Structure formats: structure tokens, C-alpha cells
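Letter by letter, the sequence shown follows residues 19 to 162 in this note's numbering. Down below is the structure, laid out as C-alpha cells.
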Amino acid sequence: MPNHLQVTLEIITHATENEKLILQSIHEFFNIQEVEFSKQNLFGHFKNPILLSKVKLVKKNARDFVHKLVENIPKYQIEQLLNDIESHIDGSALFLRIGKQDILRKSITLQEKDVIRIKISTLVYRKNDVAKTYVNLLSPPASN
Numbered sequence: 019m020p021n022h023l024q025v026t027l028e029i030i031t032h033a034t035e036n037e038k039l040i041l042q043s044i045h046e047f048f049n050i051q052e053v054e055f056s057k058q059n060l061f062g063h064f065k066n067p068i069l070l071s072k073v074k075l076v077k078k079n080a081r082d083f084v085h086k087l088v089e090n091i092p093k094y095q096i097e098q099l100l101n102d103i104e105s106h107i108d109g110s111a112l113f114l115r116i117g118k119q120d121i122l123r124k125s126i127t128l129q130e131k132d133v134i135r136i137k138i139s140t141l142v143y144r145k146n147d148v149a150k151t152y153v154n155l156l157s158p159p160a161s162n
């Protein structure tokens, strides 16, 4: 796993959602404490209150997060992601989205709506190596 790994999570919580339950579910999966999140109160359409919670993980915490993420996403979704990795890369960062409602139900799936946004970044010295780096990072360990 790359040494200079960094993971950023962003969660948008609407007034109708329970922020504490979402952060508790994230803690249960990834061992990230609520106090580690920075929080910003915002307003959405029609002045609806929104809370943006954000955390940045580095070094061992980032590696542990990626390991647990890959371990818990269904195998078929990991395979689809690996086959379509280029569409999730911007610059040298990998962008993923996991279902916010799914994590409350104690599962992790890649989703497009009502999501927790994940940005994974690492040092990649050659542009041609970006996709390969993330394929290696997200590939399950080979069984002997």
C-alpha cells in the first residue's frame, strides 16, 4: 500500500437526517471518532439547514480505512470499480461514493445518490501509473 496515502470523507447531513447515527455508523465501520470531523453549517435550496462534516485521514488511519472499505464493499462492486477505475479518477485522486442509508443499515455499497463522498489520494510520479496505482490499492489480496 502506498506510503503517502490520504483519505478525505465528506458527509452532507440534511435537517431531516440524524447526524449522530450516521457518524456512529462510520465509527463502527472505520473507527473514526465524531470529534475528528470538522463541521460546517450551511444552507441548501430554500434555506434548508445542511451540516457538512469532513475528516482527513493520513498514514496508518488512511491505510486502515481503505482496507476496511475494500473488505466491506461487495465483491461484484469492487470488480466493476476496478474495470472502470478511470471514470473515478480526477488528476491523481480517486473519488468514490458510498451509500449513506446503507451504512446506517450496517452495509457498504457504492452509490450515486445520498452518499458519503470519499477522496483517496497518494503520490503518483507518472501520470500513466495513476490507474494502476489505484487498481493495486483496491484489489483484494491474492489467495495462495
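The C-beta atom is built at its ideal place from N, Cα and C for all residues, glycine as well. Just so we're clear, the structure is a prediction, and the values are computed from it rather than from any experiment.
The residues Gln-24, in chain order, have a CB closer than 7 Å to that of Val-76 in the same chain once the five nearest residues on each side in sequence are set aside. In the DSSP assignment, Arg-135 forms a beta bridge with Glu-28 and Arg-115. Boundaries for Asn-36: no alpha helix (DSSP H) harbours it, and the DSSP string shows neither H nor E there.
Ala-149 and Pro-158 have their C-alpha atoms spaced approximately 16 Å apart.
With respect to the 8 Å criterion, Ile-68 and Phe-61 are classified as neighbours on the basis of their beta carbons. Counting every other CB atom within 10 Å of its CB across the protein chains shown gives Ala-33 a total below 16, marking it as exposed. Burial state of Lys-118 is buried, judged by a 10 Å Cβ sphere holding 16 or more other Cβ atoms. Bounds of any alpha helix (DSSP H) do not take in Val-142, whose DSSP letter is neither H nor E. Distances from the alpha-carbon of Lys-137 to those of Val-84, Ser-56 and Lys-57 put Val-84 closest. DSSP places Phe-83 inside the alpha helix (DSSP H), whose first and last residues are 77-90.
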